[in-house]
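J.: Residue numbers (the UniProt record's numbering): 1 to 261. A virtual CB, placed ideally from N, CA and C, is assigned to each residue, including glycine. Let me give you the structure first, and then I'll get to my questions.
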């Protein structure tokens, strides 16, 4: 392995080591950006989670993008094929020079208002799935830029970005998992007050006729209440309903017991 390859591997490993120990996104990202800028050498880096109002865009240097630049980008990013690839396309690591010549880049409507102000002449970008924000899948875009004095990104830089992209996506997904599904409502919250009374007497061993007499309703009404309760308890008969109700009342799951009774 050449000295350059060894140096590149060390830069990647420093990022990987940080990701392995990551426990919180708010502390990870500020520490991550300088390491990414070392692994993918450049003059600046942009980290943009979308959609995620709780974790806004971050840059290094911190004051890289003025509000005017951000507003101009929001108005015109759609005209830039490089941004479209990163933002709404596959997001695999890509150099701007792969899609655009310098002349084509400088001719973009957003070049003078967005890229020239922070000296972005050569860029390498990627995006990846990054877990969830408020229950919605999100992506993070990462853009590394070099000014006009720097050389373009190399094939080795792109290869390093490919390796990092997979690991970044995995860790961000771990730190921002989907919200757990809400617990099913207890049976007592699903059935009506009258159905509860019928089930309670059923669990005490009373027949439909006895339940009807006790509650001063007709046997046919008892049948109707039980029919509705069976569906809510997801059971198929009297014994199963009685068992399910007793177990639910005791705070234990009751589905499936004697379901065919």
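Have a look at 96, 78 and 95 and flag the residue whose alpha-carbon is nearest the alpha-carbon of residue 88.
T.: Taking only the C-alpha atoms, the option nearest residue 88 is 78.
J.: To the nearest angstrom, how far is it from the Cα of residue 112 to the Cα of residue 70?
T.: One C-alpha to the other measures close to 13 Å.
J.: Report yes if the C-beta distance between residue 93 and residue 57 is below 9 Å; otherwise report no.
T.: Not a contact, by the Cβ cut-off of 9 Å.
J.: Round the Cβ separation of residue 199 and residue 191 to the nearest angstrom and send it over; I've been treating them as touching at under 8 Å.
T.: Confirmed, Cβ separation roughly 7 Å.
J.: Rounded to the nearest angstrom, what separates residue 180 and residue 167 at their Cα positions?
T.: Roughly 24 Å between the two C-alpha positions.
J.: Taking 9 Å as the cut-off, decide whether the C-beta atoms of residue 161 and residue 40 are in contact.
T.: Contact: yes.
J.: Count the other CB atoms, across all protein chains shown, that sit within 10 Å of the CB of residue 64; report buried if there are 16 or more and exposed otherwise.
T.: Buried is the call here.
J.: If you follow the beta strand (DSSP E) that residue 234 is part of, which residue opens it and which one closes it?
T.: It is not in any beta strand (DSSP E) - residue 234 carries neither H nor E in the DSSP assignment.
J.: Check the DSSP bridge columns for residue 49 and list the partner residues they point to.
T.: Answer is 140.
J.: Is residue 211 buried or exposed, if buried means 16 or more other CB atoms sit within 10 Å of its CB?
T.: Residue 211 comes out buried.
J.: Could you give the residue range of the alpha helix (DSSP H) that holds residue 31?
T.: Here the alpha helix (DSSP H) through residue 31 covers 25-39.
J.: Which partner residues of residue 129 appear in the DSSP bridge assignment?
T.: The partner list for residue 129 (beta bridge, DSSP) reads 139.
J.: Under the rule that 16 or more other beta-carbon atoms within 10 Å means buried, what is residue 84, buried or exposed?
T.: When all chains shown are included, residue 84 counts as exposed.
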